[in-house]
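A.B. asks: Can you keep this structure in mind? I'll have questions shortly.
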Amino acid sequence: MLLFLSRIGRYTLSHLAAMGRMFLFLLSALALSFRPPAKIRLILYHIKTIGVDSLSVVVLSGFFTGMVMGFQGYYSLRKFNAESWLGSATALGLLRELGPVLSAFMVTGRTGSAMAAELGTMRATEQIDALYSMAINPIKYLVSPRIIASLIAMPLLTAIFDVVGIYGAYLVGVGLLGVSSGSYFSGMESSVVFHDVYSGLIKSVSFGLIITWVCCYKGFHAPPMATGVSQATTESVVLSFVFILVWDYFLTAIML
Amino acid sequence: MTQTRTEILVGIFVLVGVICLAYLAVRLGKLELLGNQGYVVYADFASVAGLKLGDPVEIAGVKVGKVESIGLADDSARLGLRVEDRIKLQEDVIASIRARGLIGDKFVLISPGASDRLLGSGGKIRDTESPPDINELIGKLVGGDLAPKSAQK
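Next up, the structure:
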């Protein structure tokens with residue numbers, strides 16, 4: 006009985022401690038992000054890896070998401086003879102929900118996993134310890150530029166995703182299914198308000214923070230061996246997805 | 010060389026992203042960068058049920074402004090309508106609230122007047138028509154006394 010109790014206690018405590026470590030990691034990374042000197046070159050490099058390198062996959066997935074929304078929106082709106090609302094349905098869906106979430110998924114898969122693997126390998130090959138021994142704070146040097154870069158790059162990627170998706174749906178709805186071009190855009194413009202755009206951007210900024218936070222933490226604290234790196238990569242992607250969806254629910258509930 | 014290449018790529022990315030962002034914010038979100046343009050006139054209605062902030066103000070089907078404020082004044086609803094500067098409203102224009110289709114969006118229709126005097130900023134439109142209450146109309150239709158009642162009004 007006592008053994009059973011202690012096992013439950015140990016399990017709970019170890020998980021609580023892991024959560025606390027993760028949160029402290031976030032706090033120190035954030036605090037160091039906004040303390041000079043800012044490493045402009047490093048930030049620039051990470052905007053390239055997060056933003057530019059994910060651009061092709063974000064554009065591609067945005068385009069096809071938009072085209073699918075064109076078909077599906079048309080299918081369900083046709084039942085009410087409301088095909089002219091296709092533009093507004095697509096734009097609201099993309100701006101508020103699909104744009105931020107799907108582009109965050111793409112960045113997690115494209116860049117977040119690479120971050121975890123890179124930092125995990127640096128941990129395994131003792132490069133992080135080497136930074137410590139050179140009196141360079143590895144969080145300041147490795148994590149902070151990535152956080153700033155993701156805060157800049159994510160909303161831009163989301164905006165690109167939204168615009169490409171809207172034109173993808175336009176291509177299907179107007180070009181293929183014969184919705185009138187005027188009603189597509191006027192319906193969109195009349196029903197979208199600035200709050201929709203704004204809430205989508207808030208989401209994407211917070212998702213950017215979640216991705217770098219989770220992936221850097223997992224990589225930074227990876228067990229220093231080959232399986233540790235692979236494990237850290239997998240965990241970082243899965244945990245990022247879960248965090249993004251859960252956080253998305255709360256943000257939507259707050260900002261509706 | 011690699012440094013400058015990174016910079017160029019990031020520059021292109023940021024530029025494209027900002028253009029998309031601006032497109033979404035200005036075209037779709039109707040964010041007004043240049044502050045408020047145009048002037049405001051007021052109009053009192055018996056009911057503005059269904060009208061929302063930002064709904065269009067139209068003359069002959071052309072959008073000339075939007076609903077900026079909805080408030081209450083002496084038991085009637087007072088709308089503030091922001092109208093573009095190039096549009097001159099005569100003193101005796103008629104403002105009415107119409108709907109596009111049975112369940113469509115509401116909008117404010119302004120029918121031009123004939124007076125020589127123009128409404129300035131802060132002016133008040135005196136002639137207004139409230140929207141027909143769909144439920145009331147259906148009730149009358151079912152009751153069979155639609156024609157006489159509406160003729161009396």
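So the protein sequences, as listed, match chains A and Y. All residue numbers in the first sequence are consecutive under our numbering, ending with 261. All residue numbers in the second sequence are consecutive under our numbering, ending with 162. Positions of the beta carbon are idealized from the N, C-alpha and C atoms, including for glycine. These numbers come from a predicted model, not from an experiment.
(1) So for T137(Y), helix, strand or coil by DSSP?
(2) In the DSSP assignment, what residue or residues form a beta bridge with G74(Y)?
(3) DSSP three-state label for A119(A), please.
(4) When you check each C-beta in the stretch 87 to 111 of chain A against every C-beta of chain Y, which residues fall closer than 8 Å?
(5) Does chain A have any CB closer than 8 Å to the CB of R91(Y)?
(6) Let me see if you follow: with CB-CB separation under 8 Å, is I152(A) close to chain Y or not?
(7) Would you say G63(Y) lies against chain A (beta-carbon separation less than 8 Å)?
(8) Within its chain, find whatever has a CB closer than 6 Å to the CB of K208(A); leave out the 5 residues flanking it on each side and keep chain order.
(9) For R107(Y), report the span of its beta strand (DSSP E) as first-last.
(10) In whole angstroms, what separates the C-alpha of Q99(Y) from that of S59(A)?
(11) Measure how close the beta-carbons of L29(A) and S149(A) come, nearest whole angstrom, since I'm counting them as under 8 Å.
(12) Apart from the five residues on each side of it in sequence, which residues of its chain come closer than 7 Å, Cβ to Cβ, to L90(Y)?
(13) Candidates H226(A), T239(A) and V234(A): which alpha carbon is nearest M24(A)'s?
(14) If you draw a straight line from the C-alpha of S11(A) to the C-alpha of R26(A), how long is it?
(15) On the criterion of 16 or more Cβ atoms from any shown chain inside 10 Å, does Q161(Y) qualify as buried, or is it exposed?
(16) Taking just the CA atoms, how far does L181(A) sit from F246(A)?
(17) Would you report the Cα separation of T15(Y) and L49(A), rounded to the nearest angstrom?
(18) By Cβ distance, which residues of its chain are closer than 7 Å to Y175(A), with the 5 residues on each side in sequence left out?
(19) Can you pull the chain A neighbours of R107(Y), defined as C-beta to C-beta under 9 Å?
(20) Would you mind listing the alpha helix (DSSP H) stretches within the stretch 92 to 153 of chain A that are 4+ residues and don't spill past its ends, in chain order?
(21) I need the boundaries of the beta strand (DSSP E) containing D53(Y), first residue and last residue.
(22) Got a sec: is the Cβ-Cβ distance from G59(Y) to anything in chain A below 8 Å?
(23) Answer with buried or exposed for R40(A), where buried requires no fewer than 16 other C-beta atoms within 10 angstroms of its C-beta.
(24) Counting only beta-carbon atoms, is V102(Y) nearer than 8 Å to chain A?
(25) Taking I119(Y) as part of the alpha helix (DSSP H), name the residues at either end of that continuous run.
C.D. replies: Reading from the atomic positions:
(1) It is a strand residue.
(2) V66(Y) and V92(Y)
(3) helix
(4) Against chain Y - using a Cβ distance shorter than 8 Å - the residues of the stretch 87 to 111 of chain A are A96 and L100.
(5) no
(6) no
(7) yes
(8) P105 and L256
(9) I103 to A108
(10) 56 Å
(11) Actually they do not touch by this definition, with Cβ atoms about 15 Å apart.
(12) V49, V50, A52, V66, G74, V76, E77 and V117
(13) H226(A)
(14) Each residue's alpha carbon lies about 22 Å from the other.
(15) Residue confidence is low: Q161(Y) scores 48 on pLDDT, short of 50, so the model does not pin down where it sits. Its coordinate-derived value is still stated next. Of the other Cβ atoms in all chains shown, fewer than 16 fall within 10 Å of the Cβ of Q161(Y); this residue is therefore exposed.
(16) 34 Å
(17) 7 Å
(18) Sequence-distant Cβ neighbours of Y175(A) in its own chain, meaning closer than 7 Å and more than five residues away, are Y189.
(19) Chain A residues near R107(Y): none, gap ~14 Å exceeds 9 Å.
(20) Fully enclosed alpha helix (DSSP H) runs of no fewer than 4 residues occupy 104 to 112, 118 to 129 and 132 to 138 of the stretch 92 to 153 of chain A, in order along the chain.
(21) Per DSSP, D53(Y) belongs to the beta strand (DSSP E) from Y48 to F54.
(22) no
(23) exposed
(24) no
(25) First-last for I119(Y): K115 to S120, but that is the beta strand (DSSP E), not the alpha helix (DSSP H).
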